[in-house]
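Same order as they appear, the protein sequences are chains A and B.
Letter 395 of the first sequence, counting from 1, is numbered 394 in numbering that gives the first Met the number 0, and no numbers are missing.
Letter 523 of the second sequence, counting from 1, is numbered 522 in numbering that gives the first Met the number 0, and no numbers are missing.
There are 2 protein chains.
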Amino acid sequence: MGEKEMPQTSRDLEAERARTSFAPTELNVLLRGDAHTVEARHRLLARIAADPLLGEGRLDDSFLSRAERFDKSLARMRRVHELGLPKDEAFVATRLFREGGALDKAGGFGLHTGMFVPTIELLGSDEQRATWLPLARSCAILGAYAQTELAHGTNLARLETTATFDPRSDTFELHSPTVGSIKWWPGGLGKWATHAVVMAQLTTADGKARGQQSFIVQLRDLRTHLPLPGIELGDIGPKMGYDRVDNGFLRLCRVRVPRAHMLCRHAQVRADGSFVLSSDNPRAVYGTMLFIRVYLVEEASLALQHATTIAARYSAVRRQGGAPTGAADGGGETRPPPLERAVLDYQTQQTRLLPLIAAAYAVHFAAGALRVRYDLFRASQDVRTLPDLHATSAALKSFTTSLAASGVETCRLLCGGHGYSHASGLPALYAEFAPSQTYEGDNPVMLLQAARWIVKQLGAGAARQGEGGAARDAPDTRGRSPPDGAARGAAAVLADPGAYLRDAGRAVERASAPYDGSPAELGGSAAAQLCALREAARVLAVRAAAALHAHVRSGGAPYEVAWSERASADLLEAARAHARYLLAACFDAAVVEAHAARAASRATLGALGALRDLHVLSACDEGCARVLLESRYLTPEHTLALRARLLELLPAVRRDAVGLVDAFGLTDLELNSVLGRADGNVYEHMLAWARRSPLNATHVLEGFERHVRPIMGKCTL
Amino acid sequence: MGEKEMPQTSRDLEAERARTSFAPTELNVLLRGDAHTVEARHRLLARIAADPLLGEGRLDDSFLSRAERFDKSLARMRRVHELGLPKDEAFVATRLFREGGALDKAGGFGLHTGMFVPTIELLGSDEQRATWLPLARSCAILGAYAQTELAHGTNLARLETTATFDPRSDTFELHSPTVGSIKWWPGGLGKWATHAVVMAQLTTADGKARGQQSFIVQLRDLRTHLPLPGIELGDIGPKMGYDRVDNGFLRLCRVRVPRAHMLCRHAQVRADGSFVLSSDNPRAVYGTMLFIRVYLVEEASLALQHATTIAARYSAVRRQGGAPTGAADGGGETRPPPLERAVLDYQTQQTRLLPLIAAAYAVHFAAGALRVRYDLFRASQDVRTLPDLHATSAALKSFTTSLAASGVETCRLLCGGHGYSHASGLPALYAEFAPSQTYEGDNPVMLLQAARWIVKQLGAGAARQGEGGAARDAPDTRGRSPPDGAARGAAAVLADPGAYLRDAGRAVERASAPYDGSPAELGGSAAAQLCALREAARVLAVRAAAALHAHVRSGGAPYEVAWSERASADLLEAARAHARYLLAACFDAAVVEAHAARAASRATLGALGALRDLHVLSACDEGCARVLLESRYLTPEHTLALRARLLELLPAVRRDAVGLVDAFGLTDLELNSVLGRADGNVYEHMLAWARRSPLNATHVLEGFERHVRPIMGKCTL
């Protein structure tokens with residue numbers, strides 16, 4: 000009954016692919032770094048797909064209760080461990096876990112390996128490492144990282160959990176003095192972990208506060224898995240997404256731990272109760288934080304890759320509108336297929352979708368650039384590079400995760416009604432990704448941290464002063480073929496991200512000279528547009544700093560009050576503009592580098608270049624026009640030309656849209672979406688999925704007989 | 000253990016309320032229309048709160064599976080019917096249902112009363128009304144409205160379901176010829192309804208296509224509730240939100256219905272097979288559509304009211320940052336309460352939250368204005384008013400539902416980590432509200448419908464031509480005290496919403512004269528700002544129309560292709576600017592009217608006026624600056640002054656923030672949020688809720704023993 004007509008939808012995607020101007024597999028290799036990585040990834044994906052438990056379609060998970068999903072996730076994690084992957088595939092497997100596609104974000108394992116183990120590595124003494132790491136790495140103990148409290152998130156200095164040293168028993172007493180001090184949110188803490196690293200305010204026997212320290216606390220009996228005395232813990236209840244994670248709470252009632260359980264690489268309490276800071280530079284602690292930010296920027300690109308793949312493919316298959324049905328249309332079941340146009344042909348669809356495809360690429364290259372800078376820091380341990388790296392990673396983390404979250408939601412809306420169905424995969428993708436806007440630093444707070452650095456750069460003078468200079472122009476970031484796709488080329492952009500601000504600092508009171516090219520020149524030059532993005536960031540930085548200082552001078556307001564109550568809106572804008580510029584500059588540098596290295600065929604580089612053009616123009620449209628008209632750097636004719644050029648570019652990118660998302664190389668198993676299927680056969684799979692819905696197990700629901708039948712015929716509406 | 004400190008949070012809200020500059024209860028009466036409505040609402044809410052089933056906290060519903068929630072919803076609906084409310088309370092009860100707060104959006108009842116019954120009223124002949132309405136109103140039959148198909152949403156002309164008339168049997172044969180033609184999404188269709196109004200393409204016996212007609216089709220046996228022969232139906236599976244609704248699918252396999260089942264007020268098939276259009280004006284069909292749009296604009300305000308109440312109260316209670324802890328801090332459990340500042344004091348929180356509170360008011364007044372216009376149409380049945388009303392409702396529906404959806408999500412983000420917990424109520428609020436961006440016309444499609452009207456206005460010349468003129472300056476919309484709050488005053492704005500565009504049409508080629516006031520004058524005058532908003536809408540309309548005509552002239556592209564592939568991005572912007580102007584103008588007119596009628600005390604009107612100022616300035620900041628710099632109506636000094644004034648206004652509005660959301664008068668039962676509690680005692684209720692989470696029913700999950708224990712000690716990470 001009609002199914003025969005359905006392969007037609009697949010022909011839609013075939014037609015799209017036939018007219019793609021380049022080879023997506025080639026672009027995929029450029030994105031992933033090299034052909035070996037791509038192959039290893041495919042091998043592993045094939046192995047996962049062949050496994051009965053791991054390879055099953057996970058769309059049906061949306062039929063399960065939270066407890067069932069949690070259980071299934073644990074089962075899958077067990078299966079992964081049973082696979083016993085060889086070392087070289089373990090790395091790829093880790094990435095697959097992280098990409099959240101081929102496998103689920105699982106229970107507490109991610110935080111065990113991502114936070115618990117690294118914290119011991121970072122903060123533990125050699126002896127502590129020797130004691131705890133073998134236990135943790137073999138999963139003999141399962142660890143959570145307990146920092147955030149019910150009433151305290153961002154400001155770690157205000158954590159309330161106490162750790163009081165008692166020299167007589169040589170123990171710390173850990174305690175939750177208030178309801179607000181209960182540890183809240185740590186993943187894996189609720190039902191899974193046996194141990195936790197607990198952050199607490201240390202007080203030594205002399206009554207002195209010694210700041211926050213980290214303590215290893217055993218939570219549960221290793222035999223019975225029951226909570227130990229003095230410990231109340233549990234799951235914090237259902238959330239938006241994260242069904243598979245037991246984010247937990249932990250209330251400590253005067254729990255004693257041995258003195259050796261305080262991680263003591265950087266600070267130590269001796270047996271006599273004295274407190275000693277080590278000579279190690281505690282700034283190295285920032286390493287983990289930076290690592291996680293790099294990871295979150297990569298996640299932002301992946302979220303956009305998933306969402307745009309789904310939206311672009313479905314937009315090529317989904318037809319709407321077009322001329323009204325002819326009245327001569329014969330009717331009956333031999334009616335010809337509708338002649339509506341693919342929604343991808345509509346400009347309103349293109350203006351929202353295509354820039355998000357471009358953004359997925361931009362964020363990918365920015366993440367690669369950030370990783371190169373991070374690896375340089377790891378290799379050199381040069382703490383002078385930390386301020387730049389901290390500010391850059393904070394700005395990019397917040398800008399890209401906000402961009403990706405709203406981008407995923409936009410892609411969902413671009414799929415019309417079916418975007419609301421869990422069969423689309425998009426509601427779950429949003430729910431799983433959205434929290435990255437908040438954890439590891441709420442985005443506005445992160446942006447304001449970047450703004451502090453921006454204000455400091457403005458005041459620093461043009462010559463690089465002290466810290467950070469060592470990393471500038473690091474020779475390994477330029478002029479070499481890109482070992483990790485084109486990303487390394489972009490790293491040069493991040494080598495001295497504050498240079499333009501230090502120049503601006505000299506010229507705070509001086510308006511910059513207006514752009515001297517014609518509107519057509521501006522519209523046609525990505526380089527000129529990047530200069531405009533940088534100029535917008537400069538103007539907003541100078542404006543925010545001026546507002547801040549004016550409030551301090553005029554009102555007698557303390558600096559911090561002026562900062563947060565009077566200037567933070569402008570400071571936020573400045574940080575956003577800085578991030579927008581860096582992101583566009585990274586994309587541009589990656590394209591330039593790929594061209595220089597002849598990293599792909601001319602056709603592929605051309606398609607990538609057009610996408611770069613679209614990204615830079617979109618960034619200008621969003622972030623340049625108003626501020627540069629206000630500063631008179633641009634004229635109305637310039638901003639109108641930018642907008643016109645953006646719209647002109649859409650049809651060319653639209654032509655390659657399916658190819659550009661195919662180049663992400665995401666498999667159906669990873670996408671987990673009926674709408675995003677590689678074969679485009681959407682509707683019959685939607686029907687098959689719906690038929691399996693639990694509410695359809697019986698024709699008549701028991702609740703109907705119980706609650707509806709009794710009132711039938713008796714209402715007065 | 001610490002709970003004693005918790006009443007402090009309540010003191011935070013007490014302090015906020017103590018310094019509110021006006022009486023929220025007075026503003027509540029102004030919003031709700033009169034004191035009688037407010038009292039009736041409170042009486043009914045008290046009755047609901049006292050009921051064991053209806054009054055229980057619904058936050059624990061988030062612990063239930065979808066099937067359990069669906070069941071509970073049916074039980075609650077039954078209970079409501081059992082209450083047997085008196086007629087005068089029935090109206091208020093309907094509103095409460097709709098507000099989605101005091102009770103749930105329930106099963107299929109909403110669509111039975113909101114779509115099935117009204118469709119029969121509207122499209123049924125007198126005889127059909129007499130047959131079906133008593134059955135439907137007593138719920139002897141339960142109806143769904145089956146229009147959307149799996150592959151067809153927006154474009155009704157392309158629906159594929161067929162209805163073929165067979166004169167020999169005097170029946171229609173209804174059929175789903177393809178998978179894509181299966182009815183998909185109708186609420187209540189899956190497990191609940193016994194009947195449906197089915198939209199299908201009619202073919203008469205002469206083989207002629209007669210367009211879409213509506214047919215009453217019995218789906219299930221009234222005794223067994225089992226599907227009838229030829230009918231496959233079921234639930235379409237889980238979605239984002241709407242757990243309690245069985246959105247369904249329906250596949251018809253040559254199902255026969257009697258000729259009398261085609262609703263035939265406007266078109267009829269006679270026994271001889273001839274097809275007759277009635278003399279009734281089929282445009283009256285638009286009535287239901289308009290009614291639903293008015294309803295959706297009201298829903299948009301309610302969603303913002305809920306979200307901003309939760310976010311404002313929690314932002315007054317939640318503390319973050321502030322100066323670092325002093326090292327001299329004694330430590331131990333006598334540590335004083337933290338001195339962090341309420342996040343409501345941060346400018347970055349204010350710039351996002353306070354304009355959304357203002358938007359909740361603006362949308363409320365715009366909804367009231369739209370309702371007045373709709374009631375005028377209902378009373379007059381003057382179809383000449385329809386084009387204006389259609390365009391205005393389309394523009395406001397799409398603009399306000401998009402604004403509210405993103406506003407709810409912003410409020411969720413403003414609550415930090417806890418905004419992700421279902422205890423906040425915000426994830427569910429977003430999931431329940433978001434679909435209104437898509438149903439009843441996908442927002443971009445609706446905006447483009449408004450844009451068609453805009454382009455037509457531009458071409459119409461200044462004198463009102465033909466249709467619509469009758470409604471202009473309707474005397475009952477002016478100069479009278481507002482019977483429905485201040486909303487009626489705003490209705491005058493919508494009396495002739497296209498006037499400024501028809502003026503612009505005359506002057507398409509002429510730039511308007513620049514604004515001649517100083518930056519300070521512009522910043523201080525809501526009237527001047529409204530003119531700027533209108534001018535921005537005019538410029539964008541002229542620009543979009545010019546782009547459209549240029550593409551038609553130059554490229555030889557057919558008008559419809561130029562429209563959708565080349566000009567729709569600009570047209571969308573024009574429609575958005577038009578809606579933005581109307582919304583601000585409605586708020587302003589309502590305030591002016593409330594002042595004129597002395598509808599509240601000076602303090603209350605002052606607070607409302609400040610909120611209006613904030614809304615208009617925010618609208619200018621978002622929608623005026625770039626375009627009016629480009630058109631040279633404003634100078635950079637003007638747009639900078641607007642922004643500066645916006646930031647200056649924040650502290651005054653922040654002072655009243657809690658009072659302004661208290662004035663919405665939403666009870667805890669309606670808000671369904673731990674974070675939004677009226678008493679501000681957030682954290683201990685969060686803990687109590689989490690303890691009840693099903694995962695906490697046992698200390699050790701069975702899945703832990705099964706899946707985790709076996710790998711403990713055996714991993715190599």
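Backbone N, C-alpha and C fix where the C-beta goes; we use that ideal spot for every residue, glycine too.
DSSP beta-bridge partners of residue i
{"i": "glutamine 319 (chain B)", "result": "B:Arg340"}
{"i": "isoleucine 717 (chain A)", "result": "Only positions 0 to 716 of chain A appear in this structure, which leaves residue 717 (chain A) out of reach."}
{"i": "serine 418 (chain A)", "result": "It should be noted that the sequence gives glycine, not serine, for residue 418 (chain A). Its beta-bridge partners do not exist; DSSP assigns none."}
{"i": "glycine 142 (chain A)", "result": "A:His194"}
{"i": "isoleucine 710 (chain B)", "result": "DSSP lists no partner for isoleucine 710 (chain B)."}
{"i": "proline 226 (chain A)", "result": "A:Arg219"}
{"i": "threonine 202 (chain B)", "result": "B:Thr163 and B:Ala208"}
{"i": "valine 275 (chain A)", "result": "A:Gln267"}
Proximity to residue i [Cα-Cα], best of the options
{"i": "methionine 239 (chain A)", "options": "B:Ala427, B:Pro434, B:Arg31 and B:Glu120", "result": "B:Ala427"}
{"i": "arginine 377 (chain A)", "options": "A:Tyr313, A:Leu121 and A:Leu529", "result": "A:Leu121"}
{"i": "arginine 269 (chain A)", "options": "A:Arg77, A:Lys182 and A:Thr203", "result": "A:Thr203"}
{"i": "tyrosine 717 (chain A)", "options": "A:Ala433, A:Ile119 and A:Met261", "result": "Coverage of chain A is limited to positions 0 through 716, which leaves residue 717 (chain A) absent and any answer about it impossible."}
{"i": "proline 117 (chain B)", "options": "B:Thr287, B:Ala162, B:Gln127 and B:Trp452", "result": "B:Thr287"}
{"i": "aspartate 374 (chain A)", "options": "A:Val681, A:Gln304, A:Leu388 and A:His260", "result": "A:Leu388"}
Cβ neighbour criterion (16 or more within 10 Å) applied to residue i
{"i": "threonine 697 (chain A)", "result": "exposed"}
{"i": "valine 707 (chain B)", "result": "buried"}
{"i": "valine 178 (chain A)", "result": "buried"}
{"i": "proline 496 (chain A)", "result": "buried"}
{"i": "threonine 223 (chain A)", "result": "exposed"}
{"i": "glycine 83 (chain B)", "result": "exposed"}
{"i": "isoleucine 252 (chain B)", "result": "It should be pointed out that residue 252 (chain B) corresponds to cysteine in this sequence rather than to isoleucine. Counting Cβ neighbours within 10 Å, cysteine 252 (chain B) comes out exposed, since fewer than 16 surround it."}
{"i": "glutamate 15 (chain B)", "result": "buried"}
{"i": "serine 213 (chain A)", "result": "buried"}
{"i": "arginine 691 (chain A)", "result": "exposed"}
{"i": "glycine 206 (chain B)", "result": "exposed"}
{"i": "glutamate 520 (chain A)", "result": "exposed"}
{"i": "valine 362 (chain B)", "result": "buried"}
Residue i: first and last residue of the uninterrupted alpha helix (DSSP H) it sits in
{"i": "glutamate 683 (chain B)", "result": "682-690"}
{"i": "glycine 622 (chain A)", "result": "601-622"}
{"i": "glutamine 349 (chain A)", "result": "346-379"}
Span of the beta strand (DSSP E), counted from its first residue to its last, around residue i
{"i": "glutamate 172 (chain A)", "result": "170-174"}
{"i": "isoleucine 181 (chain B)", "result": "Run containing isoleucine 181 (chain B): none; DSSP gives neither H nor E here."}
{"i": "isoleucine 230 (chain A)", "result": "230-234"}
{"i": "proline 257 (chain A)", "result": "254-257"}
{"i": "alanine 162 (chain A)", "result": "161-165"}
{"i": "arginine 18 (chain B)", "result": "It is not in any beta strand (DSSP E) - arginine 18 (chain B) carries neither H nor E in the DSSP assignment."}
Contact list for residue i against chain D, beta-carbon separation under 9 Å
{"i": "tyrosine 345 (chain B)", "result": "In the structure shown, chain D cannot be found, because the protein chains are A and B."}
Are the stretch 440-454 of chain A and the stretch 376-396 of chain A touching by the rule of at least three beta carbon pairs closer than 8 Å?
yes
Determine, using beta-carbon pairs with one atom in the stretch 178-189 of chain B and one in the stretch 141-152 of chain B, whether at least three such pairs fall under 8 Å.
yes
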